[in-house]
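Colleague: Below are the C-alpha cells for one structure; questions will follow.
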Amino acid sequence: MTSFPTLNPPIRTLLGPGPSDIHPRVLQAIGKNTVGHLDPYYLQLMDASQQMLRSLFRTENRMTFSVSATGSAGMEATVVNLIEPDDSMVVCVNGVFGTRMCDVAERAGAKVTKVDRPWGEVFAPEDLVDVLTKTQPKVVGIVMAETSTGAWQPIEEIAKIVHDAGAMLLVDAVTALGGVPVEVDKWGIDAIYSGSQKCLSCPPGLAPVSFNDRAMETILSRKTKVQSWYLDVTMLANYWGSDRVYHHTAPINMSYALYEALQIIHEEGLESCFARHRMNHEALKAGLGALGIEYTAQVGHQLPMLNAVRIPDGVDDARIRGDLLNRFGIEIGAGLGVFKGKVWRVGLMGYGSRAANVLLLLSALEQLLAEQGYKFDHGASIAAATSRYSQNS
Ligand SMILES: *Cc1c(COP(=O)(O)O)cnc(C)c1O
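Quick note on our numbering: the sequence shown kicks off at 74 and runs consecutively.
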C-alpha cells in the first residue's frame, strides 16, 4: 500500500487577508464531541449563536444565522434570495469583491448596473444619485471593507439615499464584522453577510447573515422560487426558526468554533475589540511609515484590519513574501487584480490583531528589506510602533 504523508501543518502567523490566526480556544472547540443537528443540546447552541450574532451585527432581526459555507456563499445567499430574474440591481465596484457581487447577481438573472470608483477609494452618496434615478433598482449592493484595497466604506449615508430611492441595501461585511462597528438596525441595512475566517478568527466555512423584515417580506412574496435550493432562506428559516425542520446537516463542529469565537468577542466587549484593532493598525502604520511604505486606500478610509500598502520601488514582491513565509512563518497577502505585484495586504484581524504580531512583522520586514538593499533607518519601524503603543499605556 502507498503511504501518504502524515498530516502536519506548519505553524504560521497568518497576517494576510484571511484566514486569520485562530484563537486556541476556537481550535479546541472544534474537537469537542459531535452531537446530532437536531439534538436538544445543539438546538440550544443555535439559539445562543443567533443571539450572539444579533448583538455583533447590532440587530434585532429574527432572520440572523450562519450559512453553512464560506463568505462567498453569504454573498450568494443574500443576492439569490432578494433577486428574481430581470430585477434591477446596482452594484458598487471599487475592488475584487464588488466585481464578484456583479457576477453573482448576473448569474441570478439580475439586470446589473455597475457603479465604479477607482480601487482604494470609497463611494459618496452623490456617486449613486444618477444611477438610482435611472435604473430604479430593487437592491443596491456595496462592500463595507474591501479586502482587495483596504478601503473602509461608510454605510449610513449610502443607506439613506438607497432607501429614499425605494431600494434595499445589501452590504458585504465579510472583513468588516468584528473589526469595525457594523450597525445593521441603526443604519437600516436590509441584508448583510460575513464570513467566519476574517475578524471572527474562526476557520473558514461559515457565513453569518442577517435579513430584516423588509427583506424577508420581499423574499416571502417572490413570484419565482429561489434559484438555489441550498441557500433558500424560506426553507432555512424552518430549520433556524421554531419548526426545526431538517434542511441540510449543519456543520456541527464548525458551529462550535463560531460559537466559541463569538463568545470570545463578547467577553472582550465590542468597543474594546474595535479599539484594539485600531491601536494595532496605528502602530503598524507608524512602523511602515518609518520605512517609507504607504497605504493604498484613501486617507480617512483605511481599514484597521486590512492594511494594503504599496510595495517600495526596487523591492522584489515574491521574494519578500516567500522569505516571510519560509523563514519567519509569516503569511501576508499579495495584491489582487490591478494591485498585483504593486501591493501587499497585511491583515490584523481578530485574534491576529496583537502587538506581538505587529512587532514581529516589522522586524522581519526590516531584515528582508535590508537584504534587498532597500535603504531605511534601521530599527526606526520598531521605534515608531512601540512609541505609538506607549502613547496608549
Ligand atoms: C473574503 C471575502 C469574501 C469571500 O469570502 P470567502 O470566505 O473567501 O468565500 C467576500 N467579500 C469580502 C469583502 C471578503 O474579504
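The beta carbon of each residue, even a glycine, is placed where N, CA and C say it ideally should be.
As the structure is a prediction and not an experimental result, all values here were calculated from the model.
#1: Counting along the chain, where does the beta strand (DSSP E) carrying TRP192 start and finish?
#2: List, from N- to C-terminal side, the alpha helix (DSSP H) runs of 4 residues or more that fit wholly inside the stretch 225-262.
#3: Can you name, in chain order, every residue of its own chain whose Cβ lies under 6 Å from the Cβ of ASN285, other than the five neighbours on each side?
#4: Please confirm whether GLY147 has its beta-carbon closer than 8 Å to some beta-carbon of chain D.
#5: Please confirm whether PHE425 and ASP94 have their CB atoms less than 8 Å apart.
#6: State the start and end residues of the unbroken alpha helix (DSSP H) segment that holds PRO113.
#7: Hey, quick one: how far does the alpha helix (DSSP H) through GLY144 stretch, first residue to last?
#8: Using the Cβ count rule (16 or more neighbours within 10 Å means buried), how would you classify GLU439?
#9: In angstroms, rounded to a whole number, what distance separates the CA positions of VAL195 and THR307?
#10: Any heavy atom of ligand 1 within a distance shorter than 7 Å of the CB on GLY314?
#11: Nearest to VAL177 by alpha carbon, out of ARG190, GLY193 and THR151?
#12: Just list the beta strand (DSSP E) runs in the stretch 383-431, keeping only unbroken ones of 3 residues or longer that don't cross its boundaries, in chain order.
#13: List the residues that DSSP assigns as beta-bridge partners of LEU161.
#14: Would you list the one or two residues that DSSP bridges to GLY214?
#15: Less than 6 Å between C-beta atoms, sequence neighbours within five positions excluded: which residues of the same chain meet that for THR227?
#16: Is ASN380 helix, strand or coil when you go by DSSP?
#17: So for ALA264, helix, strand or coil by DSSP?
#18: Ignoring anything shorter than 4 residues, give me the alpha helix (DSSP H) runs that lie fully in the stretch 295-362, in order along the chain.
#19: Among ILE231, ILE366 and LYS413, whose alpha-carbon lies nearest the alpha-carbon of LYS448?
Modeller: The short version:
#1: No beta strand (DSSP E) holds TRP192; DSSP gives it neither H nor E.
#2: At a cut-off of 4 residues, the continuous stretches assigned as alpha helix (DSSP H) that sit fully inside the stretch 225-262 are 229-237 and 257-260.
#3: ASN134 and ASP263
#4: The question asks about chain D, but that chain is absent: this structure has only one protein chain.
#5: Checking the sequence shown, residue 425 turns out to be Gly, not Phe. Taking 8 Å as the Cβ cut-off, GLY425 and ASP94 qualify as a contacting pair.
#6: 113-130
#7: If you look at GLY144, you'll find it in the alpha helix (DSSP H) that goes 144-155.
#8: buried
#9: 34 Å
#10: no
#11: THR151
#12: 416-420
#13: The sequence shown places Ser at residue 161, rather than the Leu named in the question. Per DSSP, LYS184.
#14: VAL164 and LEU243
#15: According to the sequence displayed, residue 227 carries Pro and not Thr. The beta carbon of PRO227 sits closer than 6 Å to none of the beta carbons in its chain outside the five residues before and after it.
#16: strand
#17: strand
#18: 306-313 and 325-341
#19: ILE366
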